[in-house]
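K.L.:
Numbering (our numbering), first residue to last: 455 to 908.
All residues carry an ideal CB built from backbone N, CA and C; glycine is no exception.
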């Protein structure tokens with residue numbers, strides 16, 4: 455089916471220059487085939503972009519979908535305490551239905567705030583589970599039509615959080631490598647238009663794997679054509695730990711283990727030195743910038759503008775909703791826009807750059823070459839943001855609304871030319887049933903943890 459997005463007044467290409475356009479976009483066969491002043495054809499569907507901002511679909515490069523039913527817990531705990539009180543305390547009680555509901559909540563939140571591509575870093579794989587988390591996550595993403603990358607995580611050594619959490623689920627290094635390979639055989643599509651991808655994603659290399667295993671993990675992943683992902687330098691304690699145990703800061707330490715390059719992206723990178731920023735930029739290693747979660751947990755603010763200025767790749771991410779209470783890409787863009795200005799002045803960030811991080815920056819991090827920009831020939835991953843909400847009224851430049859209004863509401867969006875949000879609702883979703891399922895799952899989890907504590 456041919457689709458015409460017509461009456462575009464406020465359009466963004468998504469490039470670093472902040473190029474804008476107006477007119478119309480014609481989509482056929484999942485791709486953008488024409489842009490400009492176009493007349494509707496008799497046989498095509500028309501999406502009206504009047505009073506909308508039109509952008510490439512947003513790309514969320516780091517998430518933990520299992521945390522969507524863990525919001526609002528341990529609000530006053532900093533990262534290292536919070537880890538024990540929330541994800542590592544609740545993981546044994548996440549059954550298959552709970553994970554399905556949690557994933558659906560997060561993916562719907564993301565769709566309604568403009569995301570069309572999502573990377574989930576799932577690091578809880580346990581023999582206690584009678585289901586495969588990877589299968590659940592891919593099935594939920596497919597049901598909603600989202601372009602989905604699973605960063606298959608795991609750990610050989612768990613951190614000790616004392617009495618606040620049971621032991622973390624661990625596996626041998628070989629079991630981790632085999633688990634990544636098995637997931638990739640089933641779900642990884644290497645084509646440029648892939649809807650499903652897999653990455654090899656040790657949870658946190660400096661805590662969860664012995665140094666001598668890291669090069670082997672990287673080599674195995676690259677032999678399968680998989681990218682590499684991990685948490686890194688999420689707060690000052692991460693760098694202090696690496697300096698104490700390995701004698702180097704995290705980025706140069708990982709460089710010695712073949713863990714930098716254009717096929718690598720790290721979440722957070724809050725505490726990195728100027729030399730580390732330079733090394734990331736020179737190697738092409740990307741950042742998944744998580745401004746909301748880093749602020750919520752008091753971890754700090756990543757030097758995303760410095761990496762961008764050095765020619766590096768910055769992408770945007772919401773992180774797990776247990777660390778920010780929402781999976782809203784509009785809120786993430788506003789956080790990225792405002793926090794850097796608070797610390798480094800009003801020239802530290804601007805709306806066009808933030809949108810670039812959330813679009814082309816994201817697809818470069820994930821290796822999705824066919825999307826991320828609105829140009830002829832690109833995959834039709836497109837978001838139409840509503841301008842009718844009161845928070846958007848009064849703007850002298852309405853085009854910046856998704857980046858500066860603090861939230862983003864989608865009128866329509868499409869992934870590979872398929873409409874996934876229409877008139878502000880996710881296509882095929884029973885929102886009332888999702889709300890009921892979410893209430894039940896949250897109540898059950900709270901009761902299970904209370905019982906386990908007695």
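For residue 460, which residues in the same chain have their Cβ closer than 8 Å to its Cβ, ignoring the five residues on either side in sequence?
P.N.:
Cβ within range, chain order: 478, 492, 494, 500, 501, 502, 503.
K.L.:
Going by the DSSP bridge assignment, what does residue 489 pair with across the sheet?
P.N.:
Answer by DSSP bridge pairing, in chain order: 479.
K.L.:
Return the chain-ordered list of same chain residues with a C-beta closer than 6 Å to the C-beta of residue 664, the five sequence neighbours on each side being excluded.
P.N.:
Contacts found: none.
K.L.:
Around the Cβ of residue 585, are there at least 16 other Cβ atoms within 10 angstroms (buried) or fewer (exposed)?
P.N.:
The residue in question, residue 585, is exposed, as its Cβ has fewer than 16 Cβ neighbours within 10 Å.
K.L.:
Tell me whether residue 867 is buried or exposed, calling it buried when 16 or more other Cβ atoms sit within 10 Å of its Cβ.
P.N.:
Buried, because 16 or more other Cβ atoms sit within 10 Å of the Cβ of residue 867.
K.L.:
Using the beta-carbon count (16 or more within 10 Å), is residue 909 buried or exposed?
P.N.:
Since the displayed the chain opens at 455 and closes at 908, residue 909 lies outside it and no answer follows.
K.L.:
If we ignore side chains and look at the alpha-carbon of each, how far apart do residue 445 and residue 649 end up?
P.N.:
Here the chain comprises residues numbered 455 to 908, so residue 445 is not present and cannot be evaluated.
K.L.:
For the 8 Å Cβ check, are there 3 or more pairs between the segment 503 to 520 and the segment 811 to 823?
P.N.:
Flag = yes, the segment 503 to 520 and the segment 811 to 823 touch.
K.L.:
Work out the CA separation of residue 901 and residue 614 for me, nearest whole Å.
P.N.:
When rounded, the distance between both Cα atoms is 24 Å.
K.L.:
For residue 833, which beta-bridge partners are listed by DSSP?
P.N.:
Partner(s): 485.
K.L.:
State whether the segment 518 to 525 contacts the segment 877 to 885, with contact taken as three or more CB pairs (one from each stretch) at a distance under 8 Å.
P.N.:
With the cut-off at 8 Å, the segment 518 to 525 and the segment 877 to 885 do not touch.
K.L.:
Use the C-beta contact count for residue 830: other C-beta atoms within 10 angstroms, 16 or more gives buried, fewer gives exposed.
P.N.:
Looking at its Cβ environment, which holds fewer than 16 other Cβ atoms inside 10 Å, residue 830 is exposed.
K.L.:
Taking contact to mean 3 or more Cβ pairs, one atom from each stretch, closer than 8 Å, check whether the segment 887 to 907 and the segment 855 to 864 are in contact.
P.N.:
Counting Cβ pairs under 8 Å, fewer than three are found: no touch.
K.L.:
DSSP three-state label for residue 901, please.
P.N.:
In this structure, residue 901 counts as helix in the three-state DSSP scheme.
K.L.:
The beta strand (DSSP E) spanning residue 694 covers which residue range?
P.N.:
Looking at the DSSP string, residue 694 is not in any beta strand (DSSP E); the run it does join, the alpha helix (DSSP H), is 690 to 700.
K.L.:
What would DSSP say about residue 868, mapped onto helix, strand or coil?
P.N.:
Here residue 868 sits in strand by DSSP.
K.L.:
In the DSSP assignment, what residue or residues form a beta bridge with residue 536?
P.N.:
In DSSP, residue 536 forms no bridge with anything.
K.L.:
Straight-line CA distance for residue 705 to residue 734?
P.N.:
Roughly 8 Å between the two C-alpha positions.
K.L.:
Can you tell me whether DSSP reads residue 787 as helix, strand or coil?
P.N.:
DSSP places residue 787 in helix when its eight states are reduced to three.
K.L.:
Just how far apart, CA to CA, sit residue 811 and residue 471?
P.N.:
Computed Cα separation, rounded: 12 Å.
K.L.:
Given that a residue counts as buried once 16 or more other Cβ atoms are within 10 Å of its Cβ, and exposed if not, what is residue 899?
P.N.:
So residue 899 ends up on the buried side.
K.L.:
Identify which residue in 692, 467, 505, 456 has its Cα closest to the Cα of residue 496.
P.N.:
Nearest of 692, 467, 505, 456 to residue 496, Cα basis: 456.
K.L.:
For the alpha helix (DSSP H) that contains residue 543, what are its first and last residues?
P.N.:
Residue 543 -> alpha helix (DSSP H) spans 541 to 544.
K.L.:
Which full runs of the alpha helix (DSSP H) of 4+ residues lie inside the segment 616 to 660, going along the chain?
P.N.:
Those alpha helix (DSSP H) runs which fall completely within the segment 616 to 660 and span 4+ residues are 627 to 641.
K.L.:
Taking three-plus beta-carbon pairs below 8 Å as touching, is the segment 593 to 604 in contact with the segment 636 to 650?
P.N.:
Contact holds: three or more Cβ-Cβ distances are below 8 Å.
K.L.:
Can you tell me which residues form a DSSP beta bridge with residue 741?
P.N.:
Paired residues: 720, 768.
K.L.:
Run the proximity test for residue 887: is its beta-carbon closer than 7 Å to any non-hydrogen atom belonging to the ligand COA?
P.N.:
Looking at this structure, you won't find the ligand COA or any other ligand, since it has none at all.
K.L.:
Give the secondary structure of residue 881 by DSSP, where H, G and I count as helix, E and B as strand, and everything else as coil.
P.N.:
Here residue 881 sits in coil by DSSP.
K.L.:
What residue range is occupied by the uninterrupted alpha helix (DSSP H) comprising residue 819?
P.N.:
814 to 820 is the extent of the alpha helix (DSSP H) around residue 819.
K.L.:
Looking at residue 832: is its Cβ nearer than 8 Å to the Cβ of residue 824?
P.N.:
Yes. Within cutoff.
K.L.:
Starting from the Cα of residue 662, find the closest Cα among 770, 850, 774, 608 and give me that residue.
P.N.:
Minimum Cα distance to residue 662 is reached at 608.
K.L.:
Buried or exposed for residue 739, going by 16 or more other Cβ atoms inside 10 Å?
P.N.:
It counts as buried.
K.L.:
Under the three-state reduction of DSSP, which class applies to residue 603: helix, strand or coil?
P.N.:
Strand at residue 603.
K.L.:
Look up residue 839 in the DSSP assignment and give the residues it is bridged to.
P.N.:
Partner(s): 507, 864.
K.L.:
First and last residue of the alpha helix (DSSP H) that includes residue 671?
P.N.:
First-last of the alpha helix (DSSP H) with residue 671: 665 to 677.
K.L.:
Find the nearest neighbour of residue 622 within the set 612, 628, 629, judged by alpha-carbon distance.
P.N.:
Nearest C-alpha to residue 622: 612.
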